[in-house]
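Q: The structure under discussion is supplied below as structure tokens; questions concerning it will follow.
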Amino acid sequence: MKFSFLFFVNYLFLLSFLFSSDKFVYGLEDIPLYKNMNNNEESLVLFDSINGRIVSTKITGSENLNEIKEFYQHILPNLGWNKTKRNLFIRGDEVLEIIYYKSKGESSVEFNISPK
1 MKFSFLFFVN
11 YLFLLSFLFS
21 SDKFVYGLED
31 IPLYKNMNNN
41 EESLVLFDSI
51 NGRIVSTKIT
61 GSENLNEIKE
71 FYQHILPNLG
81 WNKTKRNLFI
91 RGDEVLEIIY
101 YKSKGESSVE
111 FNISPK
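Here it is as structure tokens:
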């Protein structure tokens, strides 16, 4: 019963976020864009190979880098991504690596998906 309640609460949290935000990371339509971060459309690299897709894309903004990290660490498991190492997730046959950095006072997050 306790597990069902926790699952339900997580489900409601995810739904409330998804319906309150209509923005997603460009090229990764199932990963939500954090708060006031912006997609860097020029950064998108998308390639389909025989082994699976390869995607690289970046978001930028003035949000706090630690808050961004915390957000993605919390939300990605709810979207089926299993954390394996720091900033590395696996879902099905895909690996997601996230790189966080600050440059010229701006927070940047790079998402890289590749086949397992």
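With the working numbering, the residue at position 50 of the sequence shown is 50, and numbering never jumps.
Beta carbons are placed, not taken as given, at the ideal position from N, Cα and C, and that holds for glycine.
In the stretch 35-97, which residue ranges form an unbroken alpha helix (DSSP H) of at least 4 residues, counting only runs that do not cross its ends?
A: Listed in chain order, the complete alpha helix (DSSP H) runs (minimum 4 residues) inside the stretch 35-97 are 65-78.
Q: How about GLY52 and MET37: are their beta carbons less than 8 Å apart?
A: No, they are not a contact pair.
Q: Quick check on this structure: which residue in VAL95, LYS85, SER107 and HIS74 has the alpha carbon closest to the alpha carbon of ILE59?
A: Of VAL95, LYS85, SER107 and HIS74, the residue nearest in Cα terms is SER107.
Q: Do you know whose CA, among ILE113, TYR26, LYS35 and PHE47, lies nearest GLU70's CA?
A: When each option's Cα is compared against that of GLU70, the closest is LYS35.
Q: According to DSSP, what are the bridge partners of LEU129?
A: The shown model of the chain, from 1 to 116, leaves out residue 129, and the question about it has no answer.
Q: What do you reckon, are the CB atoms on LEU65 and LYS102 nearer than 8 Å?
A: Yes, the pair counts as a contact, with Cβ atoms nearer than the cut-off.
Q: Buried or exposed: PHE89, going by 16 or more other Cβ atoms within 10 Å of its Cβ?
A: Flag for PHE89 reads buried.
Q: Could you tell me the alpha carbon to alpha carbon distance between ILE31 and PHE24, rounded to whole angstroms?
A: Straight-line Cα distance between these residues: approximately 6 Å.
Q: Work out the CA separation of VAL55 and LEU28 for me, nearest whole Å.
A: Straight-line Cα distance between these residues: approximately 8 Å.
Q: For chain C, is any of its Cβ atoms less than 8 Å away from the one on GLY61?
A: Of the protein chains in this structure there is only one, and it is not chain C.
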